[in-house]
Amino acid sequence: MSEKNNEKEQVLFFTVSDQRFAVPFRLATEISPPHNILPLINVAPHVLGVINFKGKVLPVLDILKIAVPGHKTRFEPGNILIMHKNGIEIGILIDGIPKIDSVDLSDFVPLSGLKESPFSGLMVQEIKYEDVLYGVLDTDAVIKSKAAK
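Each residue of the sequence shown is one higher than the one before, starting from 1 at the first, in the UniProt record's numbering.
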């Protein structure tokens, strides 16, 4: 940790398959169980369907299918991370129960150790947390992918 910068960010840490991700906690709305996903037809393979989230219809995405086309969706154990950015809300399928912690902003660094990951196109930075590298999820890319076919 750097002593130069004492600014901290609350971060949500989670996994998708074997890949570890981090996202600013301020973008997370809620964690929900993966039930009642209504499948849709004529959508991109990574769009699993939609859920009714507190009266709003939200798309649920499998980012593993974005990174590794053709991968089969897995539903257990898992949860749906409801995220929001710029007025748009989506759900993404995640594994397990996430962890929340505060980290120094200076700990966010450009991609280097995770450049070879199939998920690197969905990461904007990386962070080392508890001696493990996490990719900082590119929420803009994930939100844009909800409309892609």
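The beta-carbon is built from N, C-alpha and C at its ideal position, and this holds for glycine as well. Note that this is a predicted model, so its numbers are computed, not measured.
* By Cβ distance below 6 Å, which residues in the same chain neighbour aspartate 107 in space, the five residues on each side in sequence not counted? -> Spatial neighbours of aspartate 107 in its own chain (CB-CB distance under 6 Å, excluding positions within 5 residues in sequence) are listed in chain order as Ile127.
* Own chain partners of valine 124 with C-beta closer than 6 Å, once the 5 adjacent residues on each side are dropped -> Take valine 124, set aside five residues on each side of it, and the residues of its chain with a beta-carbon closer than 6 Å to its own are Val136 and Asp138, in chain order.
* Under 7 Å between C-beta atoms of proline 34 and glycine 78 -> Yes, the pair counts as a contact, with Cβ atoms nearer than the cut-off.
* **Anticipated Cβ contact below 8 Å, glutamine 10 with phenylalanine 25, distance rounded** => That belief holds up - the Cβ atoms of glutamine 10 and phenylalanine 25 are roughly 4 Å apart, short of 8 Å.
* To do: Taking all protein chains shown into account, decide if serine 102 is buried (16 or more other Cβ within 10 angstroms of its Cβ) or exposed.
  => Exposed: under 16 other Cβ atoms inside 10 Å.
* Asked: Which of helix, strand or coil does DSSP assign to glycine 135?
  -> Strand, per DSSP.
* For leucine 133 and asparagine 86, the rounded distance between their alpha carbons -> Near 27 Å, if we compare the C-alpha coordinates of leucine 133 and asparagine 86.
* Give the DSSP-derived three-state secondary structure of glycine 70 in the structure shown. => The three-state reading of DSSP puts glycine 70 in coil, since its state is none of H, G, I, E or B.
* To do: Out of Gly70, Pro39 and Lys54, state which residue places its alpha-carbon closest to the alpha-carbon of valine 60.
  => That would be Pro39, whose Cα lies nearest to the Cα of valine 60.
* In three-state DSSP terms, what is isoleucine 41? -> Taken through DSSP and simplified to helix, strand or coil, isoleucine 41 comes out as coil.
* Asked: Between glutamate 89 and the ligand FMN, is the CB less than 6 Å from at least one heavy atom?
  -> Among the ligands in the structure shown, none appear at all, so the ligand FMN cannot be discussed.
* Return yes when the Cβ of alanine 141 is within less than 7 Å of the Cβ of leucine 122, no when it is not. => Yes, these two residues count as a Cβ contact at 7 Å.
* Taking the C-alpha atoms as reference points, what is the distance between serine 32 and isoleucine 97? -> Going from the Cα of serine 32 to the Cα of isoleucine 97 covers about 10 Å.
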